[in-house]
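Chemist: Per our numbering, the sequence shown runs over residues 814 to 905.
Dropping the structure in here first, questions after.
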Amino acid sequence: MTTEKLTKDPVPAGYWRDANDALIPITKVKAIDKDRDRVVRDLCVEAQKASAALLAFKLTAMQSVIDFVNRSLAEYDAKLGRQKGQRHAVQL
């Protein structure tokens, strides 16, 4: 791992930080290990994008349901809740 977002200390030029947090001279790191690291980093970037997109969808979906419930309550002049104040949407 050349430059690392996950660790607090930057990796000095010419070194690689291994899984045990040890600094290894870059010349001793095999090409396959560098390739593996690149693949994992690329996948992590894609996973972070997917996670952000899923969060955005979740927030939009929740707001849509809240808006629908509020419109429904207003249209039918109804109150949401039961005697003890529990709020329930229709269970799917």
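Positions of the beta carbon are idealized from the N, C-alpha and C atoms, including for glycine.
For Leu886, collect the residues of the same chain with a Cβ closer than 8 Å to its Cβ; drop the 5 residues on either side in sequence, then sort them by chain order.
Modeler: Lys892, Leu893, listed in sequence order.
Chemist: Ile879 lies in the alpha helix (DSSP H); which residues open and close that run?
Modeler: Where Ile879 is concerned, the enclosing alpha helix (DSSP H) stretches over 844-888.
Chemist: So, using beta-carbon positions, are Pro823 and Leu836 closer together than 8 Å?
Modeler: No, these two residues do not count as a Cβ contact at 8 Å.
Chemist: Going by DSSP, what residue range makes up the beta strand (DSSP E) through Pro838?
Modeler: 836-838 is the extent of the beta strand (DSSP E) around Pro838.
Chemist: Could you round the C-beta distance between Tyr828 and Ile839 to whole angstroms and report it? I think they count as a contact, below 8 Å.
Modeler: Indeed they touch by this definition, with Cβ atoms about 6 Å apart.
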